[in-house]
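A quick write-up on the structure given underneath.
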Amino acid sequence: MTTSFGTTSPLDRPWDEPLAAEELIAAAMEWHFDPSTGSPFWLDQAKSFDFDPRADVRSIADLTMFPNIVDQLRDVPVRDLIPRGYGDDYVQPLVAESGGTTGPPKRLMWMAETLEQATAWHAAGLAQHGAIRRGGDWLCMGPTDPHMAGHLIRATAAKFHAMCFLLDLDPRWVKRLIARGATDEVAQYVEHVVDQAEWILRSQDISVFYSTPPLLDALCRRSGMVELINERVDVIGWGGTKMDIEARNRYQRDVFPGVRFIGGYASTMIVGGIVERAGGSGEDAAIFDPPSPVTIFSVIDPATGENVPYGERGQVLQHHISRGLLLPNNLERDSAIRLPHPRNSGGDSIADVQPVTEFSGKPVVEGVY
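Dropping the structure here:
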């Protein structure tokens with residue numbers, strides 16, 4: 080893939096053709112902490128560090144020297160996140176907001192090349208599963224602006240020459256309803272979302288259908304929709320909230336036996352979407368391989384910060400290292416089983432992702448996404 084910067088730096092390489100982590104990290108530290116190229120946010124943060132990122136950060140382990148700054152992303156001016164090295168002549172970035180599970184939403188800037196790289200990675204992951212035909216269109220039954228799910232799925236659909244239909248969905252409102260116990264209002268809102276999906280599924284040629292597990296469950300309760308999906312849809316992509324192995328296998332074997340079922344793991348802070356590893360038996364939990372070392376997962380014991388042994392459950396720690404964005408040492412609100420990454424790049428793969436019950440001192444409410 081060719082980016083607007085060519086391929087003169089490790090930061091410009093496609094996510095599926097990276098160099099060693101040490102080389103990528105060194106290049107990122109130079110870019111993000113050189114006063115002429117770094118962002119105002121990170122240059123200001125560096126004033127309080129007791130280390131020099133350009134001299135001292137050289138490995139994945141060194142990334143944990145950084146403080147976890149994600150809570151500051153709730154109110155930092157987003158223009159301060161743009162590296163000065165871009166100058167003033169760049170394609171308008173996308174402002175990505177989190178779902179606000181633990182308070183006011185966090186915001187990131189996705190530069191155009193970030194969306195380009197994330198889309199190429201997402202499309203390549205889907206292509207490994209096959210079964211995606213050209214000509215059929217896509218429907219995303221999930222959040223759109225200001226969240227990144229709709230942007231990423233729409234851009235990925237374009238890679239397959241497909242139109243992408245999006246819905247009007249506000250996951251924050253659903254979480255607020257759930258938090259105050261307004262179950263009747265939650266049910267009404269979910270029906271509103273299912274109505275929108277049904278209108279599109281009945282009138283358009285949808286071959287790829289993305290949904291969160293709670294919304295997919297609600298759609299299946301609507302008369303005639305299971306039959307319609309089995310008749311028309313080739314692929315169901317699920318993600319956004321957890322789906323345990325039992326539910327996944329029930330959907331695949333009993334509800335949608337003729338439809339390819341493909342899991343995804345994504346969030347605003349992960350910067351992209353990760354398609355489950357192809358070739359699985361379908362009986363085991365979905366496995367997710369991040370584009371390491373651009374996005375690196377470590378599965379740790381949050382009490383000690385140390386990696387848990389392979390095959391055991393811990394909390395997901397994430398680092399993102401690219402030209403457009405530096406986001407190190409971010410503890411995610413998910414737990415997962417730690418597995419070796421197939422690239423042997425120093426990071427982990429993860430399986431059986433589940434939300435933690437409490438994060439940043441607040442209960443985690445998943446809602447519909």
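Taken in order, the sequence shown gives residues 80 to 448; the numbers are from our numbering. The beta carbon of each residue, even a glycine, is placed where N, CA and C say it ideally should be.
Contact annotation: A175 and R186 have beta-carbon atoms nearer than 8 Å.
Cβ contact annotation for V155 (same chain, cutoff 8 Å, sequence separation greater than five): F120 and R186, in chain order.
By the Cβ-count criterion, S414 is buried, with 16 or more other Cβ atoms from all chains shown falling within 10 Å of its own Cβ. Linking S428 to T374 through their CA atoms gives a straight-line distance of about 11 Å. A Cβ-Cβ contact shorter than 8 Å links P172 with M190. In this structure, G342 is the residue among H398, G342, S88 and G384 with its C-alpha nearest to the C-alpha of A326. Note that the region 146–160 touches the region 109–127; at least 3 beta-carbon pairs, one per stretch, sit closer than 8 Å. For V287, the enclosing beta strand (DSSP E) covers residues I285 to S290. The beta carbons of I285 and W217 sit closer together than 8 Å. With contacts defined by Cβ atoms closer than 8 Å, G164 and W94 do not form a contacting pair. When the alpha-carbon of G221 is set against those of R311, N423 and G178, the nearest one is in G178. DSSP places V354 in the uninterrupted beta strand (DSSP E) bounded by G351 to V354. Within the same chain, D216 and F244 come within 7 Å of Q283 by CB-CB distance, once the 5 residues on both sides are set aside.
By the beta-carbon neighbour count (other beta carbons within 10 angstroms, threshold 16), W317 is buried. Its chain contains L280, D284, I285 and S286 as the residues whose beta carbon lies nearer than 8 Å to that of R311, once the 5 sequence neighbours on both sides are disregarded; these appear in chain order. Residue state for M348 is assigned as coil, using DSSP reduced to three classes. By the CB criterion at 8 Å, A345 and A228 fall inside the cutoff. Spanning the alpha carbons of D363 and R356 requires a straight line of approximately 11 Å.
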